[in-house]
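S.K.:
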Amino acid sequence: MTGAMTGTTVSQPPLVVHVIYRLAVGGLENGLVNLINHMPAERYRHAIVCIDDYTDFRERIQRKDVEVYALHKRPGNDLGAYVRFWRLMRRLRPAIVHTRNLGALEFQFPAWLAGVRHRVQGEHGRDTTDLQGTNRKYLLFRKVMRPLVSRYVALSQDLASWLETSAGAGPQKISQIYNGVDTEQFFSVKHRLPLPVEHFSPKDGIVIGTIGRMQSEKNQLTLVRAFIALLDTVEKGRERLRLVLIGDGPLREQAQAILREAKAEHLAWLPGARNDASKMMQTLDIFVLPSLIEGVSNTILEAMATGLPVVATAVGGNPELVSQGETGVTIPAADEVAMAQAIQRYVDAPELRRIHGKAGRLRVEKMFSMTSMVSGYLRVYDKLLFGSESTVEYVSEQ
Numbered sequence: 008m009t010g011a012m013t014g015t016t017v018s019q020p021p022l023v024v025h026v027i028y029r030l031a032v033g034g035l036e037n038g039l040v041n042l043i044n045h046m047p048a049e050r051y052r053h054a055i056v057c058i059d060d061y062t063d064f065r066e067r068i069q070r071k072d073v074e075v076y077a078l079h080k081r082p083g084n085d086l087g088a089y090v091r092f093w094r095l096m097r098r099l100r101p102a103i104v105h106t107r108n109l110g111a112l113e114f115q116f117p118a119w120l121a122g123v124r125h126r127v128q129g130e131h132g133r134d135t136t137d138l139q140g141t142n143r144k145y146l147l148f149r150k151v152m153r154p155l156v157s158r159y160v161a162l163s164q165d166l167a168s169w170l171e172t173s174a175g176a177g178p179q180k181i182s183q184i185y186n187g188v189d190t191e192q193f194f195s196v197k198h199r200l201p202l203p204v205e206h207f208s209p210k211d212g213i214v215i216g217t218i219g220r221m222q223s224e225k226n227q228l229t230l231v232r233a234f235i236a237l238l239d240t241v242e243k244g245r246e247r248l249r250l251v252l253i254g255d256g257p258l259r260e261q262a263q264a265i266l267r268e269a270k271a272e273h274l275a276w277l278p279g280a281r282n283d284a285s286k287m288m289q290t291l292d293i294f295v296l297p298s299l300i301e302g303v304s305n306t307i308l309e310a311m312a313t314g315l316p317v318v319a320t321a322v323g324g325n326p327e328l329v330s331q332g333e334t335g336v337t338i339p340a341a342d343e344v345a346m347a348q349a350i351q352r353y354v355d356a357p358e359l360r361r362i363h364g365k366a367g368r369l370r371v372e373k374m375f376s377m378t379s380m381v382s383g384y385l386r387v388y389d390k391l392l393f394g395s396e397s398t399v400e401y402v403s404e405q
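According to my numbering, the sequence shown is numbered sequentially starting from 8.
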């Protein structure tokens with residue numbers, strides 16, 4: 008084949024090794040799989056190294072040439088995991104190693120020892136134990152590792168600014184690339200699809216929902232409490248309103264207990280994890296993201312692509328995605344009163360739901376397409392390998 012920049016004949020495209028903690032259901036992992044599935048096969052090959060392990064989520068990778076490896080690193084200092092990674096890099100000889108988030112940053116060192124010349128660190132969101140990104144130990148570690156990183160990729164302007172001001176990364180080494188959403192898979196429908204629950208939602212009912220792992224940082228309990236408050240403030244609330252929480256995790260049982268105590272368990276559907284997010288989005292009228300921390304939320308983008316108005320907490324990159332008063336509303340985190348008020352505004356105004364949902368779809372098509380995301384990563388990789396950005400933009404074949 009012909010090299011993307013040099014014009015020389017090479018046997019195969021350069022290999023990018025992506026290092027993540029675990030390949031399972033999650034926003035970071037979904038973004039990685041989308042990138043691999045949509046990047047032209049003739050430009051780059053890919054492999055994934057999981058510090059811990061992988062699940063059947065790997066089956067979402069459509070390319071057959073992508074190998075997935077697990078280091079099975081033990082908690083704490085597991086020297087053997089770094090040795091296994093070093094040996095793997097010596098065998099694979101990747102052109103680029105791309106680590107993601109704090110948990111994978113330490114693998115920049117064995118990648119350097121293995122002779123990998125180009126090393127990228129992706130920042131998808133702050134650590135769950137350091138919501139503001141101010142932990143001195145973590146910041147010191149980032150500064151120690153900084154000379155090893157060839158390029159940083161920040162998923163939001165918020166993270167890019169934090170990398171520069173707090174972690175000390177030079178602006179010339181930072182690229183900001185938003186996640187992209189598959190607008191062919193996520194699209195708006197004229198009428199909301201029925202939920203797969205018999206006699207759950209009335210024909211003229213309003214379905215409020217969210218999708219995501221039910222863990223503390225996602226904070227679905229605030230949404231549950233806001234929903235319970237709405238049952239009393241919305242006219243015929245118990246007849247009209249329904250709540251959908253898609254996802255599994257430790258907060259699921261807590262959410263069910265709160266609903267049960269409020270005698271509202273029958274008004275909510277908590278099916279656990281599902282693999283049909285695009286269809287589930289089409290069953291909702293209003294999408295809510297109650298997170299305490301976010302990098303760039305894939306689910307916000309998917310909801311906007313589906314034509315839904317969005318109520319989201321003003322954390323991380325969320326305000327960069329949601330155009331306030333045009334595609335949705337951002338509110339303070341962990342504020343169930345503000346959340347209930349924002350949701351009720353949409354409950355009481357069907358036309359506003361339609362207008363904001365339509366604007367959200369247009370915003371995704373303009374700013375957060377899969378084409379834009381893939382082109383951004385191609386520019387980063389090409390710049391590292393060939394010394395200049397590719398002059399050919401990736402164009403989706405969809």
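Backbone N, C-alpha and C define an ideal beta-carbon position, used for all residues, glycine too.
Could you tell me the distance, in whole angstroms, from the CA atom of Pro203 to the CA atom of Lys197?
M.R.: Answer to the nearest angstrom: the Cα atoms are 18 Å apart.
S.K.: Answer with buried or exposed for Lys80, where buried requires no fewer than 16 other C-beta atoms within 10 angstroms of its C-beta.
M.R.: With 16 or more other Cβ atoms within 10 Å, it is buried.
S.K.: Just checking, does the region 230 to 237 make contact with the region 338 to 355 on the three C-beta pairs under 8 Å criterion?
M.R.: Taking 8 Å as the limit for Cβ pairs, the verdict is that the region 338 to 355 does touch the region 230 to 237.
S.K.: Do you know offhand how far Ala11's Cα is from Glu49's?
M.R.: Residue placement at Ala11 is flagged as unreliable, the pLDDT there being 41, under the threshold of 50; the coordinate-derived value follows with that caveat. The straight-line gap from Cα to Cα measures roughly 9 Å.
S.K.: Give me the Cβ distance between Val23 and Ile103, rounded to the nearest whole Å; I'm assuming they're in contact under 8 Å.
M.R.: The pair is a contact, with the Cβ atoms about 5 Å apart (cut-off 8 Å).
S.K.: Under 7 Å Cβ to Cβ from Leu146, same chain only, skipping five residues before and after it: list those, please.
M.R.: Hits under 7 Å: Ser173, Ala174.
S.K.: Taking C-alpha atoms, which residue in Ala310, Pro209, Val387, Phe393 lies nearest to Ala366?
M.R.: Checked all of Ala310, Pro209, Val387, Phe393; the closest Cα to Ala366 is Ala310.
S.K.: Hey, would you say Asn41 sits closer than 8 Å to Gly187, going by beta carbons?
M.R.: Yes, they are a contact pair.
S.K.: Quickly, what does DSSP pair Gly2 with across the bridge? List them, please.
M.R.: Not covered by the structure: residue 2. The range shown for the chain is 8 to 405.
S.K.: CB-CB under 6 Å to Trp169, same chain, minus the five flanking residues each way: which ones, in chain order?
M.R.: Counting only Cβ-Cβ distances below 6 Å, and skipping sequence neighbours, we find Gly140.
S.K.: What are the start and end residues of each continuous alpha helix (DSSP H) run of 4 or more residues lying completely inside the region 280 to 332, in chain order?
M.R.: Whole alpha helix (DSSP H) segments, 4+ residues: 284 to 288, 305 to 312, 325 to 328.
S.K.: Quick one: measure Cβ to Cβ for Val56 and Leu35, integer angstroms, because I've assumed they're closer than 8 Å.
M.R.: Going by Cβ atoms, the distance from Val56 to Leu35 rounds to 14 Å, so no, they are not a contact pair.
S.K.: So, with DSSP's three-state summary, where would you put Ile265?
M.R.: Of the three classes helix, strand and coil, the one that applies to Ile265 here is helix, per DSSP.
S.K.: DSSP three-state label for Tyr61, please.
M.R.: Tyr61 falls in the strand class under three-state DSSP.
S.K.: What is the DSSP secondary structure of Tyr159, counted as helix, strand or coil?
M.R.: Reduced to three states, the DSSP call for Tyr159 is strand.
S.K.: Let me know if Pro201 comes out buried or exposed under the rule of 16 or more other beta-carbons within 10 Å of its beta-carbon.
M.R.: With fewer than 16 Cβ atoms within 10 Å of its Cβ, Pro201 is classed as exposed.
S.K.: Would you please state the rounded distance, in angstroms, between the beta carbons of Ala319 and Thr190? I believe it to be under 8 Å.
M.R.: Not a contact, Cβ separation roughly 20 Å.
S.K.: Could you tell me the distance, in whole angstroms, from the CA atom of Val160 to the CA atom of Pro326?
M.R.: Taking the straight line joining both Cα atoms gives about 19 Å.
S.K.: Might you give, ordered along the chain, the residues of its own chain that have their beta carbon closer than 7 Å to the beta carbon of Ile184, omitting 5 neighbours on each side?
M.R.: These residues qualify, in order along the chain: Val160, Leu162, Met380, Gly383, Tyr384.
S.K.: Going by C-alpha to C-alpha distance, which of Leu228, Lys286, Pro278, Arg247 sits closest to Leu258?
M.R.: Looking at the Cα atoms, Leu228 is the closest of the given residues.
S.K.: With a CB to CB cut of under 7 Å and the five nearest residues on each side skipped, what residues in its chain are close to Val371?
M.R.: Within the same chain, Val371 has close Cβ partners Val188, Thr190, Leu308, Met311, Ala312.
S.K.: Measure the CB-CB distance between Leu252 and Ala271 and report whether it falls below 8 Å.
M.R.: No, the pair does not count as a contact, with Cβ atoms beyond the cut-off.
S.K.: Quick one: what does DSSP say Ser18 is sitting in, helix, strand or coil?
M.R.: Residue state, collapsed to three classes: coil.
S.K.: So the candidates are Gly256, Lys210, Ile213, Lys243; which of them puts its Cα closest to the Cα of Met221?
M.R.: Measuring from the Cα of Met221, the nearest candidate turns out to be Gly256.
S.K.: Per DSSP, Ile338 forms a beta bridge with which residues?
M.R.: Answer is Thr320, bridged to Ile338.
S.K.: How many Å lie between Val317 and His363 at the Cα?
M.R.: If you take the alpha carbons of Val317 and His363, they lie about 8 Å apart.
S.K.: Contact check, Leu248 vs Val295 under 8 Å by CB: the rounded distance?
M.R.: Actually they do not touch by this definition, with Cβ atoms about 12 Å apart.
S.K.: For Ser376, which option in Pro21, Gly38, Gln19 has the closest C-alpha, if you only look at C-alpha atoms?
M.R.: Cα-wise, what sits closest to Ser376 is Gly38.
S.K.: Within a Cβ cutoff of 8 Å, which residues of the same chain sit near Met374, ignoring the five residues on either side of it in sequence?
M.R.: Tyr185.
S.K.: Around the Cβ of Pro101, are there at least 16 other Cβ atoms within 10 angstroms (buried) or fewer (exposed)?
M.R.: It counts as buried.
S.K.: Straight-line CA distance for Gly219 to Ala176?
M.R.: Near 31 Å, if we compare the C-alpha coordinates of Ala176 and Gly219.
S.K.: Sort out for me which residues DSSP pairs Ala275 with in a bridge.
M.R.: DSSP output for Ala275 lists Leu250 as bridge partner(s).
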